[in-house]
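In this text, residue positions in the sequence shown follow the working numbering: the first is 451, and each later residue adds one. Take a look at the structure below.
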Amino acid sequence: MQRACVVFVLLLAMSAPGATRGASHEPRYKSEFTYDEQLLEKMIRMEAEMDKWETRMNEQLGQLTSLREHIDHLMKTEDFRLELIQDAFVESRNNLTALLSRADSQVQQLIEKIKKGRV
Numbered sequence: 451m452q453r454a455c456v457v458f459v460l461l462l463a464m465s466a467p468g469a470t471r472g473a474s475h476e477p478r479y480k481s482e483f484t485y486d487e488q489l490l491e492k493m494i495r496m497e498a499e500m501d502k503w504e505t506r507m508n509e510q511l512g513q514l515t516s517l518r519e520h521i522d523h524l525m526k527t528e529d530f531r532l533e534l535i536q537d538a539f540v541e542s543r544n545n546l547t548a549l550l551s552r553a554d555s556q557v558q559q560l561i562e563k564i565k566k567g568r569v
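Right, dumping it as structure tokens:
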């Protein structure tokens, strides 16, 4: 409806006397009817072309939306994987710390035994 109004307003503006014909008073068309008819045909072609562009733009928007959803899903998956890796890292670090503590304790016990045996 809005396009029809725009087309009608443009048609009225373009068909106003002297609106697009410049300073020359000689008509470029055989009659006002021929001019209006050609102008209307051109506007209809432009509207059809705009419909094609709108369809293409909507398709592109749909593809971009789909791609964004896919990327968001991948990001969530990767965030979950990163969390798992971080948890495994913390657990491994804790295990290594505990192992190092036990090893230090055993080394200290061994040193004490050696000192007692020699002293």
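Where is the CB? At the ideal position from N, CA and C, for every residue including glycine.
Taking C-beta to C-beta, are M500 and L460 nearer than 8 Å? In this structure, L460 does not lie closer than 8 Å to M500 by Cβ.
Using the C-alpha atoms, what's the distance from R543 back to L549? One C-alpha to the other measures close to 10 Å.
For Q536, I'd like the list of residues in its chain whose CB is within less than 7 Å of its CB, leaving aside the five on either flank, ordered along the chain. Once the five neighbours on either side are set aside, Q536 has no close Cβ partner at all.
Per DSSP, what kind of secondary structure is K526 in: helix, strand or coil? DSSP places K526 within a helical segment (H, G or I) once states are collapsed to three.
Which class does K566 belong to by DSSP, given the choice of helix, strand or coil? Secondary structure at K566: helix, using DSSP grouped into helix, strand and coil.
Whole angstroms are fine: how far does the CA of L546 sit from the CA of I564? In this structure, the CA atom of I564 is about 26 Å from the CA atom of L546.
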